[in-house]
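K.L.:
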Amino acid sequence: MKIIVHKEKCQGHARCWAMAPQIFDLDDEGYIMPGDIDVAEEDERLAWKGAKSCPERALEIQQ
Amino acid sequence: METMAARPVPDHVPPHMIGAFNLFDAPGMPPTPNGDPQAATAIVHDGPPIFYSPTNTRDGRGTWVITRAKDQRRVLQDPETFSSHRAIFASALGEDWPMIPLELDPPEHGKFRSLLNPLLSPKRVMALETAVRERAAFLIDRIAAAGTSCDVMTDFAFPFAVNIFLRFLGLPDDRLDEFVDWANDLLHGDNRQRPAAARTIIAFIDDLAAQRRKQPVDDFMSFLVQSKVDDRLLNDMEIRGTGVLLFVAGLDTVAAAIGFDLNYLARNPQDQELLRRDPSRIVLAAEEMLRAYPTVQMIRVATKDIDFEGAPIRKGDYVSCATMIANRDPEEFAEPNRIDLAREDNRHTAFAYGPHRCLGSHLARREIVVGLEQWLKRIPTFRIKEGTAPVTYGGHVFGIENLILDWS
Ligand code: HEM
Ligand code: SF4
Chain W
276 MKIIVHKEKC QGHARCWAMA PQIFDLDDEG YIMPGDIDVA EEDERLAWKG
326 AKSCPERALE IQQ
Chain E
95 METMAARPVP DHVPPHMIGA FNLFDAPGMP PTPNGDPQAA TAIVHDGPPI
145 FYSPTNTRDG RGTWVITRAK DQRRVLQDPE TFSSHRAIFA SALGEDWPMI
195 PLELDPPEHG KFRSLLNPLL SPKRVMALET AVRERAAFLI DRIAAAGTSC
245 DVMTDFAFPF AVNIFLRFLG LPDDRLDEFV DWANDLLHGD NRQRPAAART
295 IIAFIDDLAA QRRKQPVDDF MSFLVQSKVD DRLLNDMEIR GTGVLLFVAG
345 LDTVAAAIGF DLNYLARNPQ DQELLRRDPS RIVLAAEEML RAYPTVQMIR
395 VATKDIDFEG APIRKGDYVS CATMIANRDP EEFAEPNRID LAREDNRHTA
445 FAYGPHRCLG SHLARREIVV GLEQWLKRIP TFRIKEGTAP VTYGGHVFGI
495 ENLILDWS
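Chains as they are written, first to last, in this note's numbering: chain W, 276 to 338; chain E, 95 to 502.
1. Can you find a C-beta in chain E that's less than 8 Å from the C-beta of W/K327?
2. Name the chain E residues whose beta carbon is nearer than 7 Å to that of W/D303?
3. With DSSP as the reference, please indicate the residues paired to E/P406 in a beta bridge.
4. On the three-state DSSP scale, how would you describe E/R286?
5. For ligand 1, I want to know if E/G344 counts as a neighbour, meaning its beta carbon is within less than 7 Å of at least one of the ligand's heavy atoms.
6. Exposed or buried, which one is W/I279 when buried takes at least 16 other CB atoms within 10 Å?
7. Beta-carbon separation of E/R451 and W/H281 under 8 Å?
8. Note down the Cα distance separating E/V491 from E/C244, rounded to an integer number of angstroms.
9. Measuring from the CB of E/L214, is there a heavy atom of ligand 2 at a distance below 7 Å?
10. Under the three-state reduction of DSSP, which class applies to E/A72: helix, strand or coil?
11. Taking the C-alpha atoms as reference points, what is the distance between E/R269 and E/N285?
12. Which same chain residues, not among the five before or five after E/T475, have their C-beta less than 7 Å away from its C-beta?
13. For W/H288, verify whether its CB is less than 7 Å away from any heavy atom of ligand 2.
14. Can you confirm whether W/H281, when its beta carbon is compared against all beta carbons of chain E, has any partner nearer than 8 Å?
15. Are any of the Cβ atoms in chain W nearer than 8 Å to that of E/Y447?
16. Could you say which of E/P449, E/A351 and E/W158 lies nearest to E/L497 if we only look at CA atoms?
17. What I want to know is whether the C-beta of E/G465 ends up closer than 7 Å to one or more non-hydrogen atoms of ligand 1.
18. Using the rule of at least 16 other Cβ atoms within 10 Å of the residue's Cβ for burial, across every protein chain shown, is E/V464 buried or exposed?
19. Is it right to say W/A315 is buried, meaning 16 or more other beta carbons lie within 10 angstroms of its own, or is it exposed?
20. In the structure shown, what three-state DSSP assignment does E/A221 receive?
21. Taking C-beta pairs closer than 7 Å, name the residues in chain W that E/D439 reaches, listed in chain order.
22. How long is the line joining the alpha carbons of E/A349 and E/E382, rounded to whole angstroms?
23. Which residues in chain W have a C-beta closer than 9 Å to the C-beta of E/R361? List them in chain order.
24. CA-CA distance, E/A379 and E/L470?
25. Find the residues of chain W that neighbour E/R451, judging by a C-beta separation of less than 9 Å, and give them in chain order.
26. Below 8 Å on the Cβ atoms is my contact criterion, and I expect E/R76 with E/F254 to pass it. Report the Cβ-Cβ distance as a whole number of Å.
27. Would you say W/W292 faces chain E, with C-beta separation under 8 Å as the test?
28. When every heavy atom of ligand 1 is checked, does at least one fall within less than 7 Å of the C-beta of E/T149?
29. Scan the stretch 97-178 of chain E and note each continuous alpha helix (DSSP H) run of 4 residues or more that stays entirely inside, going in chain order.
30. Using only CA atoms, which one of E/I296, E/N421 and E/L214 lies nearest to E/T389?
31. Closer than 8 Å is the cut-off here; do at least three beta carbon pairs connect the stretch 158-165 of chain E with the stretch 185-196 of chain E?
32. DSSP on E/L368, reduced to helix/strand/coil?
33. Are there any heavy atoms of ligand 2 lying less than 7 Å away from the beta-carbon of W/L301, as far as the coordinates show?
34. Going by C-alpha to C-alpha distance, which of E/M123, E/S185 and E/E426 sits closest to E/K164?
35. Taking the beta carbon of E/V256 as the centre, do at least 16 other beta carbons fall within 10 Å, making it buried, or is it exposed?
36. E/F206 to E/G241, Cα distance in whole Å?
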């Protein structure tokens with residue numbers, strides 16, 4: 276599973292990070308780091324919940 | 095309450111698109127004992143996605159009202175079409191300077207956001223947590239020692255929010271009472287008190303900036319007067335616009351959130367016990383209460399003509415995105431009028447969508463969660479004191495005037 280990060284849509288709500296800080300890394304201003312995220316199999320559930328928690332719909336799940 | 099100087103509905107608004115609802119005097123919006131103004135807004139979901147409300151600002155202006163969450167996202171994520179440039183605070187004083195970053199649009203907006211974001215980032219807020227917890231514990235212990243009843247708003251919610259703000263600014267606590275008075279006059283005063291308080295706060299911010307410019311210390315104002323955008327120092331109006339916004343943005347909003355939450359818990363003893371027994375549930379519960387009891391109505395100004403879901407929005411029209419309306423959208427939240435403290439899929443808009451996403455959201459969340467956690471830990475089962483009724487109100491920022499709890 277992969278998370279496509281639409282960085283331009285991120286507004287720094289940090290909901291993804293609150294759900295799974297080890298998967299979603301934020302910069303010093305509190306916005307998501309650029310670059311898509313490869314998710315390890317054991318992290319899939321958490322990553323899914325994190326992506327689904329983004330109010331701006333900036334995180335797209337790709338199976 | 096103000097008298098509304100109603101203006102005529104503009105000619106371009108088709109009569110069938112005019113709606114009776116507004117956030118100031120529709121049922122449930124004026125000060126109401128035991129009211130629930132957020133729930134009262136949910137009525138608009140029986141109607142169309144957009145309608146024109148002829149008196150929907152404090153000074154009686156008309157606005158388009160966007161009811162669906164996904165349409166509010168579209169408006170708030172498109173600042174090029176829907177601008178924040180309004181100078182609401184200053185224009186009430188007959189002046190014209192923007193609150194920063196609130197009333198700036200991109201790309202100008204982003205320069206100031208980048209400056210301020212690190213100061214209130216999630217990681218920075220973690221470092222403030224101990225101070226927030228100590229403050230909550232101190233205030234609540236004082237209340238518990240004084241008796242078995244209190245007014246949550248004046249004894250806890252307001253002083254707590256003001257205190258955290260003073261700490262953020264790097265100012266000592268000894269001016270706390272004075273600040274609470276200013277904030278109260280500004281937010282709840284009459285037509286004379288409000289501008290007077292605004293001028294007092296402006297003078298205070300201007301004066302503090304001048305002092306820190308002469309002699310910088312390690313605090314927020316010193317940071318601001320030394321900061322640069324576009325390789326130049328901020329000018330006086332920019333420092334004022336930022337300082338004043340930070341002063342007003344985080345006081346009433348946080349206090350109201352704590353008030354609405356404790357009001358809900360006082361009336362729902364099972365949920366109260368659930369959180370008291372298992373404090374780890376508070377984080378999720380606080381999100382649900384932010385969804386159900388958000389407080390801010392956002393206003394945008396159309397920068398060009400645009401047809402929106404069949405409505406002819408014209409350049410200069412006001413467009414209202416009320417967070418309490420979006421948060422009760424049945425297309426986005428299952429059973430939106432039911433409060434489920436364990437709700438998981440909860441992408442509410444209490445802190446807005448788009449580039450103006452509340453700069454203080456991470457701090458506000460910590461204040462609310464820690465405030466509730468400490469309250470439940472230190473105060474036994476509480477209820478609304480018999481013979482009293484909390485008064486709630488709608489408007490630009492929803493709130494609760496008094497909340498007398500009793501645990502005797
Ligand atoms: C529960 C408490 C709070 C709520 C519900 C809330 C809500 C909001 C909302 C809805 C906006 C967007 C306004 C707009 O786009 O027109 C906003 C912006 C803002 N808030 Fe908050 N807020 C809260 C607490 C705070 C705190 C504690 C601070 C300061 C530390 C703060 C500082 C700001 C600032 C500076 C902005 C402007 C951001 C920008 O324009 O880029 N807020 N807030
Ligand atoms: S939840 Fe969305 S908006 Fe918030 S930091 Fe993560 S990606 Fe950005």
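All residues carry an ideal CB built from backbone N, CA and C; glycine is no exception.
P.N.:
On the basis of the coordinates in this document:
1. Yes, its Cβ sits closer than 8 Å to a Cβ of chain E.
2. P212 and S215
3. Answer is E/D401, bridged to E/P406.
4. coil
5. yes
6. exposed
7. no
8. Spanning the two alpha carbons is a distance of roughly 24 Å.
9. Between ligand 2 and the CB of E/L214, the shortest heavy atom gap is not smaller than 7 Å.
10. Only positions 95 to 502 of chain E appear in the structure, and residue 72 of chain E is not among them; the question remains open.
11. 25 Å
12. P363, Q366 and W501
13. The beta carbon of W/H288 sits closer than 7 Å to at least one heavy atom of ligand 2.
14. no
15. yes
16. E/A351
17. no
18. buried
19. exposed
20. helix
21. K327
22. If you draw a straight line from the Cα of E/A349 to the Cα of E/E382, it is about 17 Å long.
23. Neighbours of E/R361 on chain W: none; closest Cβ ~28 Å, over 9 Å.
24. 13 Å
25. Q286, G287, H288, P330 and E331
26. Residue 76 of chain E cannot be examined here, being either before or after the span of chain E that is shown, 95 to 502.
27. yes
28. no
29. 131-135 and 163-170
30. Of the candidates E/I296, E/N421 and E/L214, the one whose C-alpha sits nearest the C-alpha of E/T389 is E/N421.
31. As far as the Cβ criterion goes, the stretch 158-165 of chain E does not touch the stretch 185-196 of chain E, which means the pair count is below three.
32. helix
33. yes
34. E/E426
35. Sixteen is the threshold: when 16 or more other Cβ atoms of the shown chains lie within 10 Å of the Cβ of E/V256, as they do, the residue is buried.
36. For E/F206 and E/G241, the distance between alpha carbons rounds to 46 Å.
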